[in-house]
Amino acid sequence: MINFDVVQISRAQFGLTALYHFLFVPLTIGMSIMLGIMETIYVMTDKKIWRDMTKFWGTLFGINFAMGVATGITMEFQFGTNWAYYSHYVGDVFGVPLAIEGLMAFFLEGTFIGLFFFGWDKLSKAQHLIVTWLVALGSNLSALWILIANGWMQHPVGAAFNFQTMRMEVTDFAAVLFNPVAQAKFVHTVSAGYVTGSLFILSISAFYLLRNRNVELAKRSMAVAAAFGLASALSVVVLGDESGYLANSHQRMKIAAIEGMWETEPAPAGFNIIGFPDQNAHVTRGTLKIPYALGLIATRSLNTPVLGINDLVKLTEADIAKGIQAYGALQILTTNPKDADSLATLNQYSGYLGYGLLLKRYTEKVTDATPEQIQSAAWDTVPKVSLLFWSFRMMVACGFFFIALFLTAVVLTSRQRINQRWFLWIAFLSFPLPWLAAELGWVVAEVGRQPWVIEGMLPTFLGVSSTSLSDVYTSIAGFILLYSSLAVVEVFLMVKYIRLGPEYMQNTQGMKL
Amino acid sequence: MNLPIDYVTLRVIWWVLLGLLLIGFAVMDGFDLGIGILLHRVARTNEERRVVLNTVGPVWEGNQIWLVLGGGAIFAAWPEIYAVSFSGFYFAILLVLLALILRPVGFKYRSKIDNTMWRSVWDFCLFVSGFVPALVFGIAVGNVLEGVPFHYDETLRSFYSGTFWGLLNPFAILCGLVSVAMLAMHGAAFLTIKTTDIIQQRARTYVRLFACITIVLFSVAGAWVAMRLAGYVSTDTLVLDAPSNPLHKTVVLQVGAWLLNYSRYPLTMAAPLCGYLGAIFTILLAGLRLPKLTWLMSAISIAGIITTVGISMFPFILPSSTDPNSSLLVWDASSSHLTLLIMLIATMIFLPLIIVYTSWVYYVLRGKVTSSYINQNQNSLY
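So the protein lines, in turn, are chains A and B.
Residues are numbered in this note's numbering as their position in the first sequence, beginning at 1, plus a constant of 105.
Residues are numbered in this note's numbering as their position in the second sequence, beginning at 1, plus a constant of 22.
What follows is the structure, encoded as structure tokens:
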């Protein structure tokens, strides 16, 4: 009944458009704050160069911001177009943070971004500064709400299944709001955004210094980027670690997969720096371990074991058995809502209903599943181990590199020796790394959640719309075509304006390009 | 659970808010779209086009959030409507998305390079990004009035059995044209406020032209609904506060059913009346050269037309043509009681705030956009 090709292409489309959207988001989050910092310095010191800096970096920010908004609408609408059953099943919970995001955050940044660009001559210095900070506040609040939504997908608290409406409904909104997973993700993600913003400015400033132009502006920009970047890089690593700890409490399979750990390790577990996971043979070969590290990250202790994939799968088989009970009771309740026995069974096992739904891949009826089918369904809960293993390690390597890079920048700046060419080259060439790290982080979080779209509640394949395969092929082709063309234009303009530099912006009389 | 507002009242409030958000989108983002539609008509030279684009340059991003909020609010308050309509109108939504993406890049990139070819390509993109969403949203509303071919299975998975080409039937296209005409009227009305001289004169002509077209097309659509179109009626006594499940009722089709509310509650006639009077006053006030009042009247006309659609269908929101019993009603397609309450509280806190700061932004940006302003800020403006 479910067309698995439609599921695959819909997932590919969502993944591509999300990764594309996420090219613009971290930079918006980070740069908005840095613009606020630069303009604050301008208002406090009254030195015109800080105003020029705000305007110049603001131009690049604007090109990026517009794309972020446009590609964001695609994300919001795609839940409905391609994931209709998901929207039906969790809209009651998931839709709320999305709507509040619009009310609280998007309106703020969308309304004031216009004044940021067009209000320099129409506002007092203090008023304009407030406008800039409101844009930054809006960008950062939007991250908060989307991560409350995403945190709920990873750790669905404060909601329960209602058999009368066949969907999840909010029971405790405070729990959804103060979901610990969402909070950790929020700080981790905005910190990643700050790193992106800092490295963007650091890298382009390094380019100017290498060319020996706009030296005053570039040096000051570098100083701001170095300090802010170092704080953010430390925060992104520490809060990433907090995410890891929480994941072990709520998504143990994700941690085991990231680690490529098939067998449960005696406490305290070691951490594999390198290894080659083999999904079919259920082993990870050629591992190089740091002793104790995983135990500390995942359990904050030296005596709690971290469960391996094989044991987790065995536990899942038991969950599926309970899920079958829940599904059977639900079937009876659909025809006879008054059946007291079934109601009691469903209430007892409703937390496992999602595990029953995993069997829909093998049998429409669910309750007639054979032991082999249950075993297959349990093994379906193992995500793509190699992808997670390597994505995670590359992301973490980037994180430690950022700390080293910004630390060096801070030291060189404070000694007035930022003009070291070797460093400028490293800073310039590091330009793409924050995006790489951010995209990999998204992969770890979302691929690591598979096969669930809502962890433990709704398998991804059930969330899909009843669209035809040709519809989805057409739309993915449309997105790829348009997004690729726009990416070319975007990069072309960015490079052009970086080359033109700040002197162009100060020229109000117009200049032939 | 004991909540301070009962479920039925909350459902009605959220039906009203759904209408308000759609009106907010049409009124606030509508003039941006309208200006896109009219770009080539009201502005011929590059300088004129820059004047026109910069009238909305600082505000279009904020205005577009009405669409984002509309999407989010439907998702949260009417998840069944969101799921069925967005997946059913798959290509229509795709067209809107692709067209809307051209807008930010059109605005941002157009004037960054001084090349005639480059600029005319982006001007065309801006036209498309105004015209296509206006037309498609109208066509979607037309299809909703006719009923949409969808049904459910017992797990409440929805299936859409229509095609994209099926959306393009005569009545729906008529509704699409009403939408294009009223937004073009609204965009032109905004231009009469923000521009001077030749552009203002052209805009004034287009305000009156499109207000006339709006009146004519709205009347034709009304007559069609009264005489030809089958509306939907629920034949059971509905339980208004039951859990949202659209499978527990009987619905029949009946020509003229979409007019029943007007005879039952004559006060509701105010909605179509606003649609007409707003447009008529738009014509008169444009002639009297009172641009701000012209824009206000045009906004009232749009609000009246959208409200007319809502009231005609109440309590239906999304009727099903192939399985009328699966139609989505105010009483069986909403979120849970608690979610509607949370959403109402959030809206009551933030919507007034949004209105206050948006008004302040428009106040700061008051005044005309002229060619000398463009020439003084060649490099920083759109």
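Beta carbons are placed, not taken as given, at the ideal position from N, Cα and C, and that holds for glycine.
Comparing C-alpha distances from A/I168 to each of A/K324, A/P607, A/V594 shows the shortest one belongs to A/V594. Flagged as an interface residue toward chain B: A/T216, by a C-beta distance shorter than 8 Å.
Taking a Cβ-Cβ threshold of 8 Å, the residues of chain A close to B/N267 are Q269, T270, M271, in chain order.
Runs of the alpha helix (DSSP H) lying entirely within the region 56 to 126 of chain B, each at least 4 residues long, are 68 to 78, 82 to 99, 101 to 110 in chain order. Going by C-alpha positions, A/G606 is about 13 Å away from A/E321. Distance from B/K130 to A/A592 at the Cβ level is roughly 14 Å; contact not present, criterion being Cβ atoms closer than 8 Å.
At a cut-off of 4 residues, the continuous stretches assigned as alpha helix (DSSP H) that sit fully inside the region 566 to 618 of chain A are 574 to 611.
Taking C-beta atoms as the reference points, A/E347 and A/L399 fail to come closer than 8 Å. The C-beta distance from B/L44 to B/I328 rounds to 6 Å, short enough to fall under 8 Å. The way I'd put it, the region 443 to 458 of chain A doesn't touch the region 399 to 418 of chain A; fewer than three beta-carbon pairs between them come closer than 8 Å. Between B/G128 and the set B/A325, B/V331, B/W82, B/W88, the nearest pair of CA atoms involves B/W82. About 7 Å separates the Cβ atoms of A/L121 and A/F584, confirming a contact at the 8 Å cut-off. Annotated three-state conformation of A/F381 is strand, per DSSP.
Residues of the region 225 to 245 of chain A with a C-beta atom less than 7 Å from some C-beta of chain B are K227, L228, listed in chain order. Within the same chain, and ignoring the five residues on either side of A/A332 in sequence, the residues whose Cβ sits closer than 7 Å to its Cβ are V515. If you draw a straight line from the Cα of A/D226 to the Cα of B/S133, it is about 20 Å long. Using a 10 angstroms sphere on the CB of B/S394, the tally of other CB atoms stays under 16, which defines it as exposed. Contact of A/Y460 with chain B is not assigned, every C-beta pair being separated by 8 Å or more. Using a CB distance cut-off of 8 Å, B/A105 counts as an interface residue toward chain A. When the five nearest sequence neighbours on each side are left out, the beta carbons in the same chain lying within less than 7 Å of the beta carbon of A/A117 are those of I581, in order along the chain. Between the C-alpha atoms of B/G188 and B/Y174 there is a straight-line separation of about 20 Å.
Within 7 Å of the CB of B/F372, the CB atoms of chain A belong to L208, M209, in sequence order along the chain. Just so you know, the alpha carbons of A/F497 and A/G196 end up roughly 30 Å apart. Spatial neighbours of B/A252 in its own chain (CB-CB distance under 6 Å, excluding positions within 5 residues in sequence) are listed in chain order as L275, V277. Minimum Cα-Cα distance from B/R388 among the listed residues B/I215, B/S334, B/M139 corresponds to B/I215. Judged by beta-carbon spacing, A/A231 lies beyond the 8 Å limit of A/S137, meaning their Cβ atoms are not closer than that value.
Contact between B/V166 and B/V118 fails: their C-beta atoms lie close to 15 Å from each other, not under 8 Å. Taking a beta-carbon distance threshold of 8 Å, A/E608 does not count as an interface residue toward chain B. With its beta carbon less than 8 Å from one in chain B, A/D197 belongs to the interface.
Here the alpha carbons of B/A162 and B/L196 stand approximately 11 Å from one another. Taking all protein chains shown into account, B/W317 has 16 or more neighbouring C-beta atoms within 10 Å of its C-beta and is therefore buried.
Around B/N137, the same chain offers no residue with a beta carbon nearer than 7 Å, after the five sequence neighbours per side are excluded. Contact annotation, B/N68 with B/L403: C-beta distance approximately 12 Å; criterion of less than 8 Å not satisfied. When secondary structure is reduced to three states using DSSP, B/Y254 falls in the strand class. Within the DSSP secondary-structure output, A/N267 pairs in a beta bridge with A/R272.
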